[in-house]
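Read through the structure below, which is laid out as structure tokens, and then see the notes.
2 protein chains.
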Amino acid sequence: MTGKTHTISELAQEFGVTTRTIRFYEEKGLVSPMRDGQKRLYSNSDRVRIKLILRGKRIGMTLQECVDFIDMYDPEHNNAEQLRSLIENVKRRRDSLLQQKRDIDDMLAGLDEVQGLCEESLASDKPRTTTPNPD
Amino acid sequence: MTGKTHTISELAQEFGVTTRTIRFYEEKGLVSPMRDGQKRLYSNSDRVRIKLILRGKRIGMTLQECVDFIDMYDPEHNNAEQLRSLIENVKRRRDSLLQQKRDIDDMLAGLDEVQGLCEESLASDKPRTTTPNPD
DNA sequence: ATTAACGTTTACGTTAACGTAAACTTACGC
DNA sequence: GCGTAAGTTTACGTTAACGTAAACGTTAAT
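In order, the protein sequences belong to chains W and P.
Residues in the first sequence are numbered from 18 upward in steps of one, following my numbering.
Residues in the second sequence are numbered from 18 upward in steps of one, following my numbering.
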């Protein structure tokens, strides 16, 4: 039941970050691995937390925002007041994420355009690029 | 033809940033407004550049990445070498953007789940929230 | 003429998210 | 016993992206 644990360098390698980064996250209270003596031991839930953090970072969230986001999953919401505020929070997040999707779609469209122009330009400048010259 | 120009505070207001931010962008070479004596005058193309920068920032790009992105639109690509490298660049960008979209969709799914649980919890705890008690 | 609203430059301060280095412990293989 | 590979703590350094403040010019209204 106590599942497999991981060393810090295992996780660092898996996620393509440095051990410093992972320790820094602990320093900031984003993860709290167990210890085997001095050494940190990461459970799978620790691993998932880090994964979620890095996912958040990829879309430009700050570490604090990542935590806020992850904490939404946690059942620390007892009363109706907290639940309502959480729902509001969720809605704001959703709006922001949807805006980000729009931004991304706009940029993707821009990229398509640029690539089209590039290839067009290449084709007209050098009509026989793949077939150098059979002569 | 010389279109309407804008003052710095107009743009700041329009985009919800400070004038300091806009001047900072100039300091970094991201925009180069004209001058009317001392005062900066922003053309519509300046305006668009700032808009694109802020769009980039919303999805977590650094200012440098924003510039790199915007510069893809510019016709400074003369030879085939540059064009090919630009296309590669475009492809990398696209991959990164698509990854971001996946991340966002995952997070949106998570939000749906959380919101569902919240509302469920609210409904069961307080079945008559809108109708306090007619008794 | 003064004050208020805008603009300017220059410069130091701040926060986030690590990088980098030093100095040390623990475990493993030979 | 000795190196070395991975771990630890502590602490100072760094970069990006502005914030904040001082000190000053310009125009418009009162």
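Glycine included, each C-beta is placed from N, C-alpha and C at the ideal position.
Within-8 angstroms CB hit, residue i to chain P
i                 : result
Lys118 of chain W : yes
Gly77 of chain W  : yes
Ile70 of chain W  : no
Cys83 of chain W  : no
Leu47 of chain W  : no
Phe89 of chain W  : Here residue 89 of chain W is Met; the residue named in the question, Phe, does not match the sequence. Yes, Met89 of chain W counts as interfacial toward chain P.
Cys135 of chain W : yes
Phe32 of chain W  : no
Boundaries (first-last residue) of the beta strand (DSSP E) holding residue i
i                : result
Leu58 of chain W : 56–58
Asp53 of chain P : 51–53
Contacts that residue i makes with chain P (C-beta to C-beta distance below 7 angstroms)
i                 : result
Gln132 of chain W : Ile104, Val107
Tyr59 of chain W  : In chain order: nothing, as chain P lies at least about 22 angstroms away.
9 angstroms Cβ cut-off: residues of chain P touching residue i
i                 : result
Arg110 of chain W : Met124, Leu125, Leu128
Supposed close pair residue i, residue j - CB separation, criterion 8 angstroms
i                 : j                 : result
Ile70 of chain P  : Tyr42 of chain P  : 7 angstroms
Ser60 of chain W  : Thr22 of chain W  : 6 angstroms
Leu47 of chain W  : Arg72 of chain W  : Not really, about 13 angstroms apart at Cβ, beyond 8 angstroms.
Gln132 of chain W : Ile104 of chain P : 6 angstroms
Arg75 of chain P  : Gln117 of chain W : 6 angstroms
Beta carbon proximity, residue i to chain W, threshold 8 angstroms
i                : result
Ile10 of chain P : Look at the range of chain P in this structure, 18 to 152, and you will see that residue 10 of chain P is not part of it.
Arg80 of chain P : Strictly speaking, residue 80 of chain P in this sequence is Leu, with Arg absent from that position. Judged by the 8 angstroms Cβ criterion, Leu80 of chain P is not in contact with chain W.
Leu28 of chain P : no
His23 of chain P : no
Closest residue to residue i among the options (Cα-Cα distance)
i                 : options                               : result
Ile39 of chain P  : P:Gly54, P:Leu128, P:Lys21, P:Asp63   : P:Asp63
Leu58 of chain P  : P:Ser113, P:Asp85, P:Thr36, P:Asp91   : P:Thr36
Leu134 of chain P : W:Ala140, W:Asp120, W:Lys108, W:Tyr90 : W:Tyr90
Leu139 of chain P : W:Lys108, W:His94, W:Arg109           : W:His94
Asn96 of chain W  : P:Ile104, P:Ser141, P:Phe32           : P:Ser141
Ser113 of chain P : W:Ser113, W:Met78, W:Ile121           : W:Ile121
Gly77 of chain W  : W:Lys45, W:Arg110, W:Glu136, W:Ser102 : W:Arg110
Ser102 of chain P : W:Gly73, W:Glu82, W:Glu136, W:Leu115  : W:Glu136
Asp129 of chain P : W:Val107, W:Glu82, W:Cys83            : W:Val107
Gln81 of chain P  : P:Lys45, P:Leu28, P:Glu27, P:Phe32    : P:Lys45
Val84 of chain W  : W:Lys68, W:Arg52, W:Leu115            : W:Lys68
Met124 of chain P : W:Leu28, W:Thr79, W:Leu115            : W:Leu115
Span of the alpha helix (DSSP H) around residue i
i                : result
Tyr42 of chain W : 36–44
Val84 of chain W : 80–88
Asn61 of chain P : 61–75
Leu16 of chain P : Residue numbering for chain P in the displayed model covers 18 to 152; residue 16 of chain P lies beyond these limits and cannot be assessed.
Glu31 of chain W : 25–32
Residue i beta carbon near the ligand GTP (any heavy atom closer than 7 angstroms)
i                : result
Val48 of chain P : This structure lacks the ligand GTP, and indeed carries no ligand of any kind.
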